[in-house]
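Asks: Chains as they are written, first to last, in numbering that gives the first Met the number 0: chain A, 0 to 226; chain B, 0 to 226.
2 protein chains.
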Amino acid sequence: MSHAEYVSSISIDCVIFGFDEGELKVLLIKRAKDPSKGGWALPGGFVGQEEDLDVAAKTILEELTGLKKIYMEQLHTFGDVNRYPLARVISIVYASLIKVGDYELRAADNAQEAVWHPVSEVPQLVFDHSKMLAVALERLKRDVQYQPIGFELLPKKFTLTQLQTLYETVLETTLDKRNFRKKILGMDLLIALDEFQRGAPNRAARLFKFDTQKYKELKSKGFMFEL
Amino acid sequence: MSHAEYVSSISIDCVIFGFDEGELKVLLIKRAKDPSKGGWALPGGFVGQEEDLDVAAKTILEELTGLKKIYMEQLHTFGDVNRYPLARVISIVYASLIKVGDYELRAADNAQEAVWHPVSEVPQLVFDHSKMLAVALERLKRDVQYQPIGFELLPKKFTLTQLQTLYETVLETTLDKRNFRKKILGMDLLIALDEFQRGAPNRAARLFKFDTQKYKELKSKGFMFEL
DNA sequence: GCAAAAGTGTTAGTCATACACCCATGT
DNA sequence: ACATGGGTGTATGACTAACACTTTTGC
Chain A
0 MSHAEYVSSI
10 SIDCVIFGFD
20 EGELKVLLIK
30 RAKDPSKGGW
40 ALPGGFVGQE
50 EDLDVAAKTI
60 LEELTGLKKI
70 YMEQLHTFGD
80 VNRYPLARVI
90 SIVYASLIKV
100 GDYELRAADN
110 AQEAVWHPVS
120 EVPQLVFDHS
130 KMLAVALERL
140 KRDVQYQPIG
150 FELLPKKFTL
160 TQLQTLYETV
170 LETTLDKRNF
180 RKKILGMDLL
190 IALDEFQRGA
200 PNRAARLFKF
210 DTQKYKELKS
220 KGFMFEL
Chain B
0 MSHAEYVSSI
10 SIDCVIFGFD
20 EGELKVLLIK
30 RAKDPSKGGW
40 ALPGGFVGQE
50 EDLDVAAKTI
60 LEELTGLKKI
70 YMEQLHTFGD
80 VNRYPLARVI
90 SIVYASLIKV
100 GDYELRAADN
110 AQEAVWHPVS
120 EVPQLVFDHS
130 KMLAVALERL
140 KRDVQYQPIG
150 FELLPKKFTL
160 TQLQTLYETV
170 LETTLDKRNF
180 RKKILGMDLL
190 IALDEFQRGA
200 PNRAARLFKF
210 DTQKYKELKS
220 KGFMFEL
């Protein structure tokens, strides 16, 4: 079988999660071109002939969010023959977690607009993008139990309640406040700051930041999160 | 950007693990054709224009092992521009666990021979196949901690020592016999048979089989294995 | 002073770990 | 009878889970 016998276009689609206002959100674009012009889609694009996949993924994400150096992971490759209407296109899905506030959303060439949607109320998506999102969510939910998240999604300084809400959102459960704090503080992962949240009609919450060193260690080593 | 602007060939490579004689093994072929004729490689092949990826993966695996209905999982897609010398080829890696004894190895078109190699002493592999194997091993090691394995790798009837050895091999540790048994039996996953191993110069070990129902439940739900 | 969220300990039960000897079989 | 691996129980410490009230702040 010759290497040139069968060919296909290769695209990359990105599932970009953010966390804002106590909700998990995903970045969607409205397609500016056919096929499915005007439909909601995951941001994505084609891979250049001379581009490594990881590089292409970063390029696409940078174009969409304006940001570099994002922790991004290859998730899964979707290649059903008819997943894309015009031709056989194999799509490699990358996923990323970013801080919603940090980047200015600017729509790329192939998008009319780029918007954060709560994952709990995502519109219908084009092609097989709903399946992609479902896979990404499942993966996120699993990963959360084995390695810390938060660093990627929360602002630099955050309260324990924010962190807890993040976990509750992703895991779709509720957690006990005291046990959560005991566990998370016991990991030696957070550094308490001498700063407090201001402007709330209630007691001001202490702010924390991640111990970057420890965070990376736990991330690579894997840890267990069960509450 | 047109969907036909950039194209590439798509291949699938399979990392097929087996467990035999107390060792974890991987199925390799000796390439029958250039490029890298005569080099050791993971079994793989090109994806047909009208073939879904999962179907193609199964077809390729069937051709190589003669077996259908194998639990096979998509692992990762490798697409560095120069990973393959003759052209841009993107390769999707699938991984599988099978029982070594069950299948007759028959070399496919593109192989001179197909052989089980202990993973501890794998020869140098062609292209980026060593990287693929490394990723598969890492993944196996991680998965083992969160879901049961064994069903796929061990014969239908097996001893607890065989199962323990499997875990020790994959995790690259040693485990305490009593604790291992306590834990694994406590999962209600194994069914004790009234049969015993024969022909050993020592006490005959009781044979067990998996409770298929329970096994699938635990597999999908995920469980913790720490010893 | 009231509403709203922050913060804080103890207890009971479960689970992981460490550890050593006798048993059955084949030669 | 001996060599080889099979099989078994207990005690300790660690972690998980359940649970309610006081504190601080802004209005």
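Ideal Cβ placement from N, Cα and C applies to all residues, glycine included.
Note that the structure is a prediction, hence the values are computed from the model and not measured.
Do the region 21 to 30 of chain A and the region 19 to 33 of chain B make contact, defined as three or more Cβ pairs closer than 8 Å?
Replies: Output reads no: the region 19 to 33 of chain B does not touch the region 21 to 30 of chain A.
Asks: Anything in the region 22 to 36 of chain A with a Cβ closer than 8 Å to a Cβ of chain B? List those residues in chain order, please.
Replies: Listed by position, the residues of the region 22 to 36 of chain A near chain B (Cβ gap below 8 Å) amount to none.
Asks: Evaluate contact between the region 54 to 64 of chain A and the region 6 to 18 of chain A, counting only Cβ atoms and requiring at least three cross-stretch pairs below 8 Å.
Replies: Judged by Cβ distances under 8 Å, the region 54 to 64 of chain A makes contact with the region 6 to 18 of chain A, as three or more pairs qualify.
Asks: Rounding to the nearest angstrom, what Cα-Cα distance links G65(A) and Y102(A) in this structure?
Replies: Residue numbering aside, residue 65(A) sits at position 66 when the first sequence is read from its first letter. Residue numbering aside, residue 102(A) sits at position 103 when the first sequence is read from its first letter. Straight-line Cα distance between these residues: approximately 7 Å.
Asks: CA-CA distance, A236(B) and E167(A)?
Replies: This structure cannot speak to residue 236(B), because chain B is shown only from 0 to 226.
Asks: Would V46(A) pass as an interface residue toward chain B - the criterion being a Cβ-Cβ separation below 9 Å?
Replies: Against the first sequence, residue 46(A) aligns to sequence position 47. Closer than 9 Å to some Cβ of chain B, the Cβ of V46(A) qualifies, so yes.
Asks: So within the region 85 to 151 of chain A, which uninterrupted beta strand (DSSP E) runs reach at least 3 residues, ignoring any that extend past its ends?
Replies: For the region 85 to 151 of chain A, whole beta strand (DSSP E) runs of length 3 or above, ordered along the chain, are 88 to 97, 110 to 117.
Asks: Between the C-alpha atoms of R125(B) and Y145(A), what's the straight-line distance to the nearest angstrom?
Replies: Residue mapping note: residue 125(B) aligns to position 126 of the second sequence, counting from 1. Residue mapping note: residue 145(A) aligns to position 146 of the first sequence, counting from 1. Note that residue 125(B) is Val in the sequence shown, not Arg. Answer to the nearest angstrom: the Cα atoms are 33 Å apart.
Asks: Select from G78(A), A94(A), K208(A), E49(A) the residue whose C-alpha is nearest the C-alpha of L153(A).
Replies: Counting from 1 along the first sequence, the entry for residue 153(A) is found at position 154. Here the closest residue by C-alpha is K208(A).
Asks: For a quick check, are the C-beta atoms of L41(A) and M131(A) less than 9 Å apart?
Replies: Translated into positions along the first sequence, residue 41(A) becomes position 42. Translated into positions along the first sequence, residue 131(A) becomes position 132. Yes, the Cβ-Cβ distance between L41(A) and M131(A) is below 9 Å.
Asks: Find the nearest neighbour of E194(A) within the set V25(A), A203(A), E151(A), judged by alpha-carbon distance.
Replies: The count along the first sequence starts at 1 and reaches residue 194(A) at position 195. The candidate whose alpha carbon is nearest that of E194(A) is A203(A).
Asks: With the cut-off set at 9 Å, would you say I15(A) and L60(A) are in Cβ contact?
Replies: As a position in the first sequence, residue 15(A) is number 16, starting the count at 1. As a position in the first sequence, residue 60(A) is number 61, starting the count at 1. Taking 9 Å as the Cβ cut-off, I15(A) and L60(A) qualify as a contacting pair.
Asks: Counting only beta-carbon atoms, is L139(B) nearer than 9 Å to chain A?
Replies: Sequence index remark: in the second sequence, residue 139(B) carries index 140 (1-based). Not closer than 9 Å to any Cβ of chain A, the Cβ of L139(B) fails to qualify, so no.
Asks: Using a C-beta cutoff of 9 Å, does Y145(B) count as contacting chain A?
Replies: If you number the second sequence from 1, residue 145(B) lands on position 146. At least one chain A Cβ lies under 9 Å of Y145(B).
Asks: In this structure, does DSSP put K213(B) in helix, strand or coil?
Replies: The residue labelled residue 213(B) in the question sits at position 214 within the second sequence. Three-state DSSP puts K213(B) in a helix.
Asks: If you compare alpha carbons, which of E72(B), Q212(B), F18(B), R180(B) is closest to F224(B)?
Replies: Along the second sequence, read from residue 1 onward, the residue named residue 224(B) stands at position 225. That would be R180(B), whose Cα lies nearest to the Cα of F224(B).
Asks: Would you mind sorting I148(B) into buried or exposed? The rule is 16 or more other CB atoms within 10 Å of its CB.
Replies: For this step, residue 148(B) is matched to residue 149 along the second sequence. The residue in question, I148(B), is buried, as its Cβ has 16 or more Cβ neighbours within 10 Å.
Asks: What is the DSSP secondary structure of K231(B), counted as helix, strand or coil?
Replies: With chain B represented from 0 up to 226, any question about residue 231(B) goes unanswered, as that position is not in the structure.
Asks: What are the residues in the region 64 to 77 of chain A lying within 7 Å of chain B by C-beta distance?
Replies: Answer in chain order: Q73, H75, T76.
Asks: Considering only the beta carbon of each residue, do V99(B) and F18(B) sit closer than 9 Å?
Replies: Residue numbering aside, residue 99(B) sits at position 100 when the second sequence is read from its first letter. Residue numbering aside, residue 18(B) sits at position 19 when the second sequence is read from its first letter. Yes.
Asks: What residues of chain A sit near R87(B), judged by a beta carbon separation below 7 Å?
Replies: Position 88 of the second sequence holds residue 87(B). Correct list: Q48.
Asks: Give a single yes or no on whether L170(A) has its beta carbon closer than 8 Å to a heavy atom of the ligand MG.
Replies: With respect to the ligand MG, the structure shown offers nothing to examine, as it has no ligands at all.
Asks: From the DSSP output, read off the bridge partner residues of G43(B).
Replies: Residue mapping note: residue 43(B) aligns to position 44 of the second sequence, counting from 1. Its beta-bridge partners are D12(B).
Asks: What residues from chain A crowd round S90(B), counting only those whose CB sits closer than 8 Å?
Replies: Residue mapping note: residue 90(B) aligns to position 91 of the second sequence, counting from 1. Within 8 Å Cβ-Cβ: nothing; S90(B) doesn't reach chain A, min ~10 Å.
Asks: Which stretch, first to last residue, makes up the beta strand (DSSP E) that contains Q73(B)?
Replies: Within the second sequence, numbered from 1, the residue matching residue 73(B) stands at position 74. Here the beta strand (DSSP E) through Q73(B) covers 71 to 77.
Asks: Taking the alpha-carbon positions, what's the A3(B) to L85(A) distance?
Replies: Stepping through the second sequence from its first residue, residue 3(B) is reached at position 4. Stepping through the first sequence from its first residue, residue 85(A) is reached at position 86. Summary for A3(B): the model assigns pLDDT 46, below 50, so the residue's position carries little reliability; its value from the coordinates is reported in the next sentence. In a straight line, the C-alpha of A3(B) is about 9 Å away from that of L85(A).
Asks: Taking 9 Å as the CB-CB cut-off, is I148(A) touching chain B?
Replies: Taking the first sequence and counting its residues from 1, the one referred to as residue 148(A) is at position 149. Not one chain B Cβ lies under 9 Å of I148(A).
Asks: Does DSSP put R197(A) in a helix, in a strand, or in coil?
Replies: As a first step, residue 197(A) is located in the first sequence; it is residue number 198 there, counting from the start. DSSP places R197(A) in coil when its eight states are reduced to three.
Asks: If we ignore side chains and look at the alpha-carbon of each, how far apart do E22(A) and K36(A) end up?
Replies: On the first sequence, position 23 is the one that residue 22(A) refers to. On the first sequence, position 37 is the one that residue 36(A) refers to. If I take the Cα positions, the gap works out to 28 Å.
Asks: For the beta strand (DSSP E) containing R30(B), name the first residue and the last one.
Replies: Position 31 of the second sequence, counting from 1, holds the residue named residue 30(B). Per DSSP, R30(B) belongs to the beta strand (DSSP E) from 22 to 30.
Asks: What is the DSSP secondary structure of G17(B), counted as helix, strand or coil?
Replies: Residue 17(B) sits at position 18 when you count from the first residue of the second sequence. Three-state DSSP puts G17(B) in a strand.
Asks: Mind checking whether S95(B) and E72(B) have CB atoms under 9 Å apart?
Replies: As a first step, residue 95(B) must be located in the second sequence, where it is residue number 96. As a first step, residue 72(B) must be located in the second sequence, where it is residue number 73. Yes, the Cβ-Cβ distance between S95(B) and E72(B) is below 9 Å.
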